[in-house]
Amino acid sequence: MKPQNPARALRSIRGYLSPNLQRHSLSRSTSLRLAPATASQAFSSTTSRHHNPTNSTVDPTEVSHFNALASSWWDPHGPSRLLHLMNPLRHGFITQCLSSSPPASHKLRFLDVGCGGGIFAESAARLPSTLSVTAIDPTPEVLKIAEGHKKRDPILAAPGKLTYLNTSIEQLPRPKTPTEAYDVVTLFEVLEHVHAPGPFLEQLLPHVKPGGWLIMSTISRTWTSWFITNVMAEDVLGMVPKGTHEWSKYVNEEELRSWFAKQPGWGSAKSLGTMYIPGLGWKEVSGGEQWGNYFFGVRRDA
Amino acid sequence: MPPRLSLGAPRTLSSLSANWVRIRPHRRFASSSADAPEVYDVVCVGGGPAGLSLLAGLKASPITSGLKVALIEGQDLHKNRLQKDASLESFSNRCSSLTPASVRNLQEIGAWPHVNTPRVQPYQEMQVWDGVTDVRISFDWNTAKPLLSPRNPSQPTTVAYMIENVNTTSMLLSRLEELGGVDFYTSTKVNSIDLGADTEKMDFSSWPTLTLSNGKTLAARLLVGADGANSPVRTFAGIESRGFDYGRHGVVASLKIEGQGWGGPDHKIAYQRFLPTGPIAMLPLPGNLSTLVWSTTPERAAKLKALSPDDFVAMVNAGFRLSPTDLEYLHTLPSGQADEVAWREKHTPVDNRAIPMRVTSVQAGTVASFPLRMRHADTYTGERVALVGDAAHTIHPLAGQGLNQGQGDAAALVRTISYAVQTGQDIGSTLALESYNSERYAENNAMLGVCDKLQRLYSVESGPLVALRSLGLRAVDAMGPLKGFFMSKAAGGT
């Protein structure tokens, strides 16, 4: 079931939300947020907004939130547990995408956007098929945690294997030639916290090498996802810190699909639904991309 | 679950723990040593069947074969190996019963082709009976079949395989040599385990760092404790192991019997009789040989060990034939059991074909005993630590599951490590190891519980419980499908 009119849907939902949740919400896993959302702007594809690639669009509230969260990032039973548990599935999805149409490179270069404490970045750097990982995040405290944790593994400490940069995607220098770009650009649990996904994604596109893949994961904007992420996960079960999710920012799979269809040089998209089942962990759910958490991958053909 | 015997707690016989000089139970930072430790992905302490199986499993898979691994073992593994041309007249007293599931795993990791086949004895049937009431249950795949339907001819007829532990470790060592890529530190003791240091460049504060008797220091991404019931690795990790002593010893010996057994060479039979002091079991080895496991009180174990070979043989024969009361009296005699047993047997009618063939002699130097214990670690994993085999659990040998549990642990840990490698996880992280603990803990716990309850049930000498257990045994024996269920459970499979 999906709300037909997101604006009306959100108003009706807000009636049930605690004041706490209505306040400016904080993202748990990522730190890239543009501006406060309104319900009708669920997926903006206009580039004419106040969008300035040279200025950082990072919300200072986000930064302080992540400074506070930083110390528990690698606690396997801490607030980031669900992200840790989801991480292996990310690799499964990347493998699916790459095996359908492998990049030309023998060893892969990754760019992880919104890397946080480095859960995905570390795991990608450990794979034997990886040449290097560049991981960016604008929150300094979180990156300190990431750097500190990296020191615990000699594989990651090898020169050039894993590089953390304290920057936003806007400030990351664009590749001068396509070969300088990355084989795989990842954006995990970021998009649902972004105010205007279209302009934001446009920043990412040049960083993907022709033949490479852009891989992301996010949550559909449906009644089910609202119930699961906002009510069950945060309020009832308490598995996710309160105020983590702002439902109006969620992006639907078909919105992404049609947006990429309009981008020249980008191929057909793949997606895969996932669901966290308490006691069983994260499971792939066919068709789940229509109503809950999902992975989305798209190849840059040219 | 069909009761089946083996020399269950082999690591307790090993002198591995005696090779440990100093273990610091409190984690602390290592004092800055002159040389930087050599960094390994997996350091396995203990070269018993579980540890070797783990390493062979890792090296046999293309996913994990690139891991840098080391084995540390206090004994000289190569000197203790089974000779290819070892005489079939003489067998080690440390034998185990390998389930079909364990054999399947050894085949999958490529170790089984290295086994010394003439020294492995499959058996097709088990006879188990109550020494107080004589109620009996037999296990073979022929009677354990679905009601009213014939046995599936493609189903294997082997219940399990009797094998010397040294044969198991030798085949695994041969496989490891074939695969290569394992750094062996044998005849080497672990002097201490500490946590590494946090320096400007690297933070090894979560890495176990081992100092060896040869002066080397190793840092372990994942430290595997395959180091037996008194596991120093478990102590280092601060993991409690709980349980109790049964107040019983298992007496083992290699025996020669008067023939190949009542079923001939192609239908070997294992026997177990539950006596109030504990079960006595005789398990078939190749030819005319068998291996004994007799669980009894420490006093009686001491008595048995002190007897002359003739008297010992007479007592074993009596153990399967005479009443518990007769046996109690025989243990009080200082000597002369042979004559006494011969006389008493004349007055005790038995169906000879329902009990093992008569023992004619005992192989010199094979009578030994070990204390029986039940232990279970609180968890099998900690940060950068995993426990396998007897380091994680010690079980009563009555069902012959001890070594098989260790093989199951090794296979499960290989799967866990393999998944972690494929998904880029740090194989020493508690998150990566979670699935190993959840897969094995419940399963081992159930098996420990069942074996513990069985041994308690059969240590009762009289009263309503004796009648009930006999009734239960009769019922199970009459129900083919239920028996089949128990048998496949014990076979370690589906």
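Top to bottom, those sequences are chains A and B. Per our numbering, the very first residue in the first sequence carries number 1; after that it's consecutive. Per our numbering, the very first residue in the second sequence carries number 1001; after that it's consecutive. Heads up, the beta-carbon is just placed ideally off N, CA and C, and yes, glycines get one too.
Contact belief for residue i with residue j at Cβ below 8 Å, rounded distance in angstroms
{"i": "G1131 (chain B)", "j": "P1324 (chain B)", "result": "6 Å"}
{"i": "N293 (chain A)", "j": "I219 (chain A)", "result": "5 Å"}
{"i": "S311 (chain A)", "j": "G1424 (chain B)", "result": "This structure gives no information on residue 311 (chain A), because the portion of chain A shown stretches from 1 to 302."}
{"i": "S1174 (chain B)", "j": "H1114 (chain B)", "result": "4 Å"}
{"i": "Q1337 (chain B)", "j": "A1314 (chain B)", "result": "5 Å"}
{"i": "S217 (chain A)", "j": "F295 (chain A)", "result": "5 Å"}
{"i": "V1224 (chain B)", "j": "V1388 (chain B)", "result": "6 Å"}
{"i": "N972 (chain B)", "j": "T1211 (chain B)", "result": "Past the boundaries of the shown model lies residue 972 (chain B); chain B is included only from 1001 to 1494, so the question cannot be answered."}
{"i": "V1121 (chain B)", "j": "P1284 (chain B)", "result": "Correcting the residue type first, residue 1121 (chain B) is Gln in the shown sequence and not Val. Rounded, the Cβ-Cβ distance is 5 Å, consistent with contact."}
{"i": "D1140 (chain B)", "j": "Q1124 (chain B)", "result": "6 Å"}
{"i": "L1327 (chain B)", "j": "L1372 (chain B)", "result": "That belief does not hold up - the Cβ atoms of L1327 (chain B) and L1372 (chain B) are roughly 19 Å apart, past 8 Å."}
{"i": "I1072 (chain B)", "j": "Y1185 (chain B)", "result": "5 Å"}
Residue i, buried or exposed, once every other Cβ within 10 Å from all chains shown has been counted against 16
{"i": "P128 (chain A)", "result": "exposed"}
{"i": "Q1083 (chain B)", "result": "exposed"}
{"i": "I277 (chain A)", "result": "exposed"}
{"i": "T47 (chain A)", "result": "Residue confidence is low: T47 (chain A) scores 39 on pLDDT, short of 50, so the model does not pin down where it sits. No coordinate-derived value is stated."}
{"i": "H1347 (chain B)", "result": "exposed"}
{"i": "W1343 (chain B)", "result": "exposed"}
{"i": "A1111 (chain B)", "result": "buried"}
{"i": "T1332 (chain B)", "result": "exposed"}
{"i": "L280 (chain A)", "result": "exposed"}
{"i": "V1350 (chain B)", "result": "exposed"}
{"i": "P88 (chain A)", "result": "buried"}
{"i": "K209 (chain A)", "result": "buried"}
{"i": "T130 (chain A)", "result": "buried"}
{"i": "N1317 (chain B)", "result": "buried"}
{"i": "K1268 (chain B)", "result": "buried"}
{"i": "R300 (chain A)", "result": "buried"}
{"i": "Q1107 (chain B)", "result": "exposed"}
{"i": "H193 (chain A)", "result": "buried"}
{"i": "V185 (chain A)", "result": "buried"}
{"i": "T1217 (chain B)", "result": "buried"}
Identified DSSP bridge partners for residue i
{"i": "M1357 (chain B)", "result": "Note: M1357 (chain B) sits in no beta bridge, so no partner."}
{"i": "T130 (chain A)", "result": "A:L108"}
{"i": "M1282 (chain B)", "result": "B:Y1271, B:L1292"}
{"i": "G1499 (chain B)", "result": "The requested residue 1499 (chain B) is not part of the displayed model; chain B covers only 1001 to 1494."}
{"i": "Q1260 (chain B)", "result": "Paired residue(s): none; Q1260 (chain B) is not in a bridge."}
{"i": "I215 (chain A)", "result": "A:T186, A:G297"}
{"i": "A1253 (chain B)", "result": "B:L1292"}
{"i": "W1129 (chain B)", "result": "B:R1136, B:R1273"}
{"i": "C1095 (chain B)", "result": "B:E1164"}
{"i": "M1447 (chain B)", "result": "Bridge partners of M1447 (chain B): none, in fact."}
{"i": "F1496 (chain B)", "result": "What the structure shows of chain B is the stretch from 1001 to 1494, and residue 1496 (chain B) is not part of that stretch, so it cannot be assessed."}
{"i": "F1184 (chain B)", "result": "B:L1071"}
{"i": "Y1040 (chain B)", "result": "B:A1220"}
Endpoints, the beta strand (DSSP E) within which residue i is located
{"i": "K283 (chain A)", "result": "281-285"}
{"i": "M1202 (chain B)", "result": "Run containing M1202 (chain B): none; DSSP gives neither H nor E here."}
{"i": "V1120 (chain B)", "result": "Element bounds for V1120 (chain B): n/a, residue is neither H nor E."}
{"i": "Y1419 (chain B)", "result": "First-last for Y1419 (chain B): 1402-1422, but that is the alpha helix (DSSP H), not the beta strand (DSSP E)."}
{"i": "K270 (chain A)", "result": "266-277"}
{"i": "T989 (chain B)", "result": "Any property of residue 989 (chain B) remains undetermined from this structure, which presents chain B solely from 1001 to 1494."}
{"i": "T163 (chain A)", "result": "162-165"}
N- and C-terminal bounds of the alpha helix (DSSP H) containing residue i
{"i": "S100 (chain A)", "result": "81-100"}
{"i": "S258 (chain A)", "result": "253-261"}
{"i": "E1073 (chain B)", "result": "It is not in any alpha helix (DSSP H) - E1073 (chain B) instead sits in the beta strand (DSSP E) that spans 1069-1073."}
{"i": "A146 (chain A)", "result": "140-150"}
{"i": "D1311 (chain B)", "result": "1309-1321"}
{"i": "A181 (chain A)", "result": "First-last for A181 (chain A): undefined, no H or E at that position."}
{"i": "N1352 (chain B)", "result": "No alpha helix (DSSP H) contains N1352 (chain B), which DSSP labels as neither H nor E."}
{"i": "I1193 (chain B)", "result": "No alpha helix (DSSP H) contains I1193 (chain B), which is instead part of the beta strand (DSSP E) from 1190-1195."}
{"i": "W1343 (chain B)", "result": "1337-1346"}
Chain C residues whose Cβ lies nearer than 7 Å to that of residue i
{"i": "M1202 (chain B)", "result": "Among the protein chains in the structure shown, which are A and B, there is no chain C."}
Exercise. Between the region 1392-1401 of chain B and the region 1361-1380 of chain B, do three or more beta carbon pairs fall short of 8 Å?
Worked result: yes
Exercise. Do the region 1074-1093 of chain B and the region 1230-1250 of chain B touch if we need at least three Cβ pairs shorter than 8 Å?
Worked result: no
Problem set entry | Segment contact, 8 Å Cβ cut-off, at least three pairs: the region 1229-1237 of chain B with the region 1401-1418 of chain B | no
Exercise. Is there contact between the region 86-105 of chain A and the region 141-153 of chain A, where contact requires at least three CB pairs shorter than 8 Å?
Worked result: no
Exercise. Three or more C-beta pairs closer than 8 Å, one from the region 94-112 of chain A and one from the region 1430-1437 of chain B: is that the case here?
Worked result: no
Exercise. Counting pairs of Cβ atoms below 8 Å between the region 151-161 of chain A and the region 174-185 of chain A, do you hit three or more?
Worked result: no
For this session: Count the CB pairs spanning the region 1234-1241 of chain B and the region 1257-1271 of chain B that are closer than 8 Å, and state whether there are at least three.
Result: no
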